[in-house]
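Q: Following this message is one structure expressed as structure tokens.
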């Protein structure tokens, strides 16, 4: 575990400044205090909690999602949640989850037994056992990218897919594209469904053709590209929007292997803006999900539920990041 | 973000003049101060409010909504917001708003000039001048029951109308009602539109008939009832869902004046659960909006925006409150 001195070195401030930041002293600025706290969490610092505080525990359960390295989609979500929770003196346990673990014990029992006041669930699948139990849980629970009806103890957070897809379609339309293809992520996912609906309605709003041959569900992996790109090209697609950046990377590769230049011959757009999106060739135009803020928001919502504010759903703004993989449509002929 | 120096350069005045203009010092002319503020807004300047507590000011603007007495819809919203803000050491100014006031000054200029770090807007209408300006505001702004696309400085809060209406339809369906009428609030309101859509899809999900003769838009006042109840009765309605409790009170009166007993002859449901709903005869079954929590949520979201967490939308859980105005459908014949 890093010491206060390590944090001071990283920030280039004195040990006493770090100490003040961690202890909530009033004679440093609020911005500096936040920076000290955020850095402490990022470096894995954890205080020895006083006895009073030892019961303030939250659990972040994560499944079906990479989060251990900075280029992983989940990394900043976990970090943001921990940073915000730490600031308000909560201990956070990050727990990798499996379907098997969910069969061993009931969700509420598990949280109660381990003294958690609430949990943030990331990457859970619709068919997970604990997802089913959430309909009736009495434990404050925040869920990423999912929705549970009618239970005031559960809140969903996510990025507004609707607005994100709409931004991309308008961006491509403004560049002259008409035959826009959409290579979505997995079927049976709430997020995929929303993006599909968003795509079709954004195309209709723009007066653009919605064609079955230009839409497909794949999986959230690069390999999806090779199954669907050939069909899109045969149907005349001049741009391909992808369900995430990984799929888009597969599409870039697939296009290149067919002798097509991006963006001269075809435009490609990702979703998420994970760090590698900036370093692809060409750099990927994508819809950014503010993952650190999504994690912070997860904490704010969990804290609201714990304080009996029955929030059911919170959406974050997406952001269009224009890079080199999109350009004006090539003149026909 | 531009600095004070940038503003000074643009205007060809000294840094201290700009500083005086932004801080409301009395030794520069009002014209110059206005020019400084307008330029600051135009350049996208926003004060990093010194976190000294005397400058921590928020504004709650309220329009088209009663809020001064405890039975008013807005009372608890205002209270909840102030309570949560007070807890975190913010000063709150509650400002009754008019369309005229909005023509006198730009929204951002108004907030900057008065030193507000952000605002909670309650009861604004779609055609309000300041609503139009929200598309591009740089000030953290939370809006009740409305939505602004694509601006990360604006967040909307409200109650999930979809879930609320769905609960009522299922409640009435379980009591045997099939011919359910919906007397909505005003046209050209986002909330009315959502409830209309929610009503039609809840009816369809329940396999119940959606008939034009059983749906109408009115206004959010009791007088709406007399124009639409006769038609509903003629079309065979056995239950009437209303856009708010005030409309439902009008419906109760209208039914009584026609010799119909509630709930024996017809069931009536309100929306909101304002305090008078409990004291009508019979007491009103209604969809509760947790207004104090809505106000608290408004503060949480505004604070999130101020801390650069770009939340776009947050919904609260509605709750079905079953009282005496709904009962099993009367056996036909």
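Protein chains in written order, with my numbering: chain S, -12 to 320; chain W, -12 to 320.
Just so you know, even glycine gets a beta-carbon here, dropped at the ideal spot from N, CA and C.
Under a CB-based cut-off of 8 Å, is residue 406 of chain W close to chain S?
A: Absent from the structure is residue 406 of chain W, since the part of chain W shown begins at -12 and ends at 320.
Q: Can you round the beta-carbon distance between residue 177 of chain W and residue 204 of chain W to whole angstroms, since I take them to be within the 8 Å contact cut?
A: The sequence position of residue 177 of chain W within the second chain is 190, counting from 1. The sequence position of residue 204 of chain W within the second chain is 217, counting from 1. Wrong, their Cβ atoms sit about 13 Å apart, outside the cutoff.
Q: Counting only Cβ-Cβ distances shorter than 7 Å, please list the residues of the stretch 127 to 139 of chain S near chain W, keeping chain order.
A: Listed in sequence order: 136, 137, 139.
Q: Are there three or more Cβ pairs, one per stretch, closer than 8 Å when the stretch 180 to 193 of chain W is compared with the stretch 150 to 159 of chain W?
A: Because the criterion of three Cβ pairs below 8 Å is met, the stretch 180 to 193 of chain W and the stretch 150 to 159 of chain W touch.
Q: Go ahead and pull the three-state DSSP assignment for residue 275 of chain S.
A: Mapped onto the first chain, residue 275 of chain S falls at position 288. Residue 275 of chain S falls in the strand class under three-state DSSP.
Q: Just verifying my parser: in three-state terms, what is the DSSP assignment at residue 258 of chain W?
A: Your numbering for residue 258 of chain W matches position 271 in the second chain. Correct three-state label for residue 258 of chain W: strand.
Q: Could you give the first and the last residue of the continuous beta strand (DSSP E) run that contains residue 78 of chain S?
A: By one-based count along the first chain, residue 78 of chain S stands at place 91. Run containing residue 78 of chain S: 78 to 83, per the beta strand (DSSP E) assignment.
Q: Assign residue 334 of chain W to one of two classes, buried (16 or more other C-beta atoms within 10 Å of its C-beta) or exposed (fewer than that).
A: Any answer about residue 334 of chain W is impossible in this case: the structure gives chain W only from -12 up to 320.
Q: By alpha-carbon positions, which one of W/210, W/235, W/63, W/263 ends up nearest to residue 253 of chain W?
A: To locate residue 253 of chain W, count along the second chain from 1; it is residue 266. Cα-wise, what sits closest to residue 253 of chain W is W/235.
Q: Please decide whether residue 229 of chain W counts as near chain S, where near means a Cβ-Cβ distance under 8 Å.
A: Position 242 of the second chain holds residue 229 of chain W. Judged by the 8 Å Cβ criterion, residue 229 of chain W is not in contact with chain S.
Q: Might you give, ordered along the chain, the residues of its own chain that have their beta carbon closer than 7 Å to the beta carbon of residue 301 of chain W, omitting 5 neighbours on each side?
A: In the second chain, counting from the first residue as 1, residue 301 of chain W sits at position 314. So the qualifying residues of the chain are 142, 144, 284, 288.
Q: Please name the residue, chosen from S/255, S/165, S/262, S/107, that lies closest to residue 318 of chain S on a Cα-to-Cα basis.
A: Walking along the first chain from the start, residue 318 of chain S turns up at place 331. Taking only the C-alpha atoms, the option nearest residue 318 of chain S is S/165.
Q: State the beta-bridge partners of residue 108 of chain W as determined by DSSP.
A: Your numbering for residue 108 of chain W matches position 121 in the second chain. Residue 108 of chain W pairs with W/48, W/130.
Q: State the DSSP-derived secondary structure class of residue 37 of chain S, mapped to helix, strand or coil.
A: Within the first chain, residue 37 of chain S is the residue found at index 50, counting from 1. Model confidence at residue 37 of chain S stands at a pLDDT of 43, short of 50, so the residue's coordinates are unreliable; what they give is reported in the following sentence. Coil, per DSSP.
Q: Which residue spans inside the stretch 169 to 201 of chain S form an unbroken alpha helix (DSSP H) run of at least 4?
A: Segments of the alpha helix (DSSP H) lying fully in the stretch 169 to 201 of chain S: 177 to 192.
Q: Taking three-plus beta-carbon pairs below 8 Å as touching, is the stretch 107 to 118 of chain W in contact with the stretch 45 to 53 of chain W?
A: Yes: at least three Cβ pairs fall under 8 Å.
Q: Shorter than 8 Å from the beta carbon of residue 104 of chain S to some beta carbon of chain W?
A: Taking the first chain and counting its residues from 1, the one referred to as residue 104 of chain S is at position 117. Taking Cβ atoms only, chain W never reaches closer than 8 Å to residue 104 of chain S, which makes this a no.
Q: What does a CB cutoff of less than 7 Å around residue 128 of chain S pick up in its chain, not counting 5 residues either side in sequence?
A: As a first step, residue 128 of chain S is located in the first chain; it is residue number 141 there, counting from the start. The answer, listed in chain order, is 105, 106, 108, 121, 140, 141.
Q: Pair every Cβ in the stretch 307 to 315 of chain W with every Cβ in the stretch 272 to 281 of chain W, then say whether three or more of these pairs are closer than 8 Å.
A: The stretch 307 to 315 of chain W, when compared against the stretch 272 to 281 of chain W, does touch it at the 8 Å Cβ threshold.
Q: Would the stretch 20 to 35 of chain W and the stretch 68 to 78 of chain W be scored as touching if the rule is three or more Cβ pairs under 8 Å?
A: Verdict: no, contact absent.
Q: Drop a sphere of 10 angstroms on the beta-carbon of residue 97 of chain W, count the other beta-carbons inside from all chains shown, and report buried for 16 or more, exposed for fewer.
A: Position 110 of the second chain, counted from the start, is the residue given in the question as residue 97 of chain W. With 16 or more Cβ atoms within 10 Å of its Cβ, residue 97 of chain W is classed as buried.
Q: Between the stretch 296 to 308 of chain W and chain S, which residues of the former have CB atoms less than 7 Å from a CB of the latter, in chain order?
A: Taking 7 Å as the Cβ-Cβ cut-off against chain S, the residues of the stretch 296 to 308 of chain W that qualify are 296, 297, 298, 299, 300, 301, 302, 303, 304.
Q: What is the residue span of the beta strand (DSSP E) that residue 301 of chain W lies within?
A: Taking the second chain and counting its residues from 1, one reaches residue 301 of chain W at position 314. Element bounds for residue 301 of chain W: 298 to 303.
Q: Please tell me whether residue 327 of chain S has its Cβ less than 8 Å away from any Cβ of chain W.
A: The requested residue 327 of chain S is not part of the displayed model; chain S covers only -12 to 320.
Q: Is residue 269 of chain W helix, strand or coil when you go by DSSP?
A: Here residue 269 of chain W corresponds to residue number 282 of the second chain, with the count starting at 1. Residue state, collapsed to three classes: coil.
Q: Could you give the C-beta distance for residue 232 of chain S and residue 258 of chain S, rounded to a whole number, given that I count them as a contact under 8 Å?
A: Counted from its first residue, the first chain places residue 232 of chain S at position 245. Counted from its first residue, the first chain places residue 258 of chain S at position 271. The pair is a contact, with the Cβ atoms about 7 Å apart (cut-off 8 Å).
Q: Just curious, the alpha helix (DSSP H) that residue -9 of chain W is in, first and last residue?
A: To locate residue -9 of chain W, count along the second chain from 1; it is residue 4. Residues -9 to -2.
Q: Pull out every residue of the stretch 267 to 285 of chain W whose Cβ sits closer than 7 Å to any Cβ of chain S, in chain order.
A: Cβ contacts with chain S come from 277, 280, 283, 284.
Q: Does any C-beta atom of chain W lie closer than 8 Å to the C-beta of residue 291 of chain S?
A: As a working mapping, residue 291 of chain S is identified with position 304 in the first chain. At least one chain W Cβ lies under 8 Å of residue 291 of chain S.
Q: Helix, strand or coil: how does DSSP classify residue 247 of chain W here?
A: Here the question's residue 247 of chain W lines up with position 260 in the second chain. The answer is coil: DSSP assigns residue 247 of chain W none of H, G, I, E or B.
Q: Hey, could you find the ends of the alpha helix (DSSP H) residue 8 of chain S is sitting in?
A: In the first chain, counting from the first residue as 1, residue 8 of chain S sits at position 21. Per DSSP, residue 8 of chain S belongs to the alpha helix (DSSP H) from 2 to 10.
Q: Should residue 60 of chain W go down as buried or exposed, given a rule of 16 or more other Cβ atoms within 10 Å for buried?
A: Counted from its first residue, the second chain places residue 60 of chain W at position 73. With 16 or more Cβ atoms within 10 Å of its Cβ, residue 60 of chain W is classed as buried.
Q: Can you tell which of W/256, W/28, W/15 has the C-alpha that lies nearest to the C-alpha of residue -7 of chain W?
A: What you label residue -7 of chain W is simply residue 6 of the second chain in a count that begins at 1. Of the listed residues, the one whose Cα sits closest to residue -7 of chain W is W/28.
Q: Could you have a look at residue 161 of chain S and say whether DSSP puts it in helix, strand or coil?
A: The count along the first chain starts at 1 and reaches residue 161 of chain S at position 174. It is helical.
Q: Under 9 Å between beta-carbons, which chain W residues line up against residue 184 of chain S? List them in chain order, please.
A: Sequence index remark: in the first chain, residue 184 of chain S carries index 197 (1-based). Residues of chain W passing the Cβ test: none, with the nearest at roughly 14 Å.
Q: Closer than 9 Å by beta-carbon distance: list the chain W residues that pair up with residue 150 of chain S, in chain order.
A: The sequence position of residue 150 of chain S within the first chain is 163, counting from 1. In chain order: 136, 137, 299.
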